[in-house]
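Letter by letter, the sequence shown follows residues 1 to 124 in the UniProt record's numbering. Using N, Cα and C, we set each Cβ at its ideal position, and we do this for glycine too. This structure is a prediction, so every number in the text was calculated from the model and none was measured. Below is one structure; the comments refer to it alone.
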Amino acid sequence: MDNDIYGHVNNVVYYSYFDTVINRYLIQEGGLDPWHGEVIGVCAESWCRYRAAFAFPEDVEAGLRVTRLGGRSVTYEIGLFKAGRAEAAAEGRFVHVFVPRGDMTAAVAIPAPLRAALEKLQVG
């Protein structure tokens, strides 16, 4: 499923990589419980700039930083790199808005453990 008919990783897979990098960090460092937690992050915006193609099963390395940390939302930048390369093969932006799991209708404050984890990645 990763490779498209042209033999490179399909563009929608990059967004899956972004989601995986972000949520793995939030689970490991911020204590996010994606299955039972009262507050979850939902994607409000995302984009990707492609610079070089990946092909499955090529290794992908990722970098993550926070460029804006608000009261109820966070903006991430993600870099996807070919193994050992300094220049990103793809650059992404992803905005999470935090909402109650039950209704997901109104944004709520970012829980303290998640905020602390996000502050570690904040630049600028």
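Counting the other CB atoms within 10 Å of its CB gives H36 a total below 16, which places it among the exposed residues.
Only residues of its own chain outside the window of five on either side were considered, and among them A89 have a CB closer than 6 Å to the CB of K82, listed in chain order. Contact annotation: F98 and I110 have beta-carbon atoms nearer than 8 Å. Close CB contacts of T75 within its chain, under the 6 Å cut and outside five residues either way in sequence, are with T67, R68 and V95 (chain order). With respect to the 8 Å criterion, V39 and R115 are not classified as neighbours on the basis of their beta carbons.
Under a 10 Å Cβ-count criterion, I5 is classified as exposed, with fewer than 16 other Cβ atoms of the shown protein chains found around its own Cβ. By the neighbour-count criterion, in which a residue is buried when 16 or more other Cβ atoms sit within 10 angstroms of its Cβ, V21 is buried.
Nearest in C-alpha terms to R85, of all of A52, A44, Y17 and G124, is A52. The shortest C-alpha to C-alpha distance from V108 to any of G71, A117 and L118 is the one to G71. Taking the Cα positions, E77 is about 6 Å away from G92. DSSP, read as helix, strand or coil, puts Y6 in coil.
Residues V9, N10, V13 and F56 of the same chain have their beta carbon placed closer than 7 Å to that of D2, with the five preceding and five following residues left out of the count.
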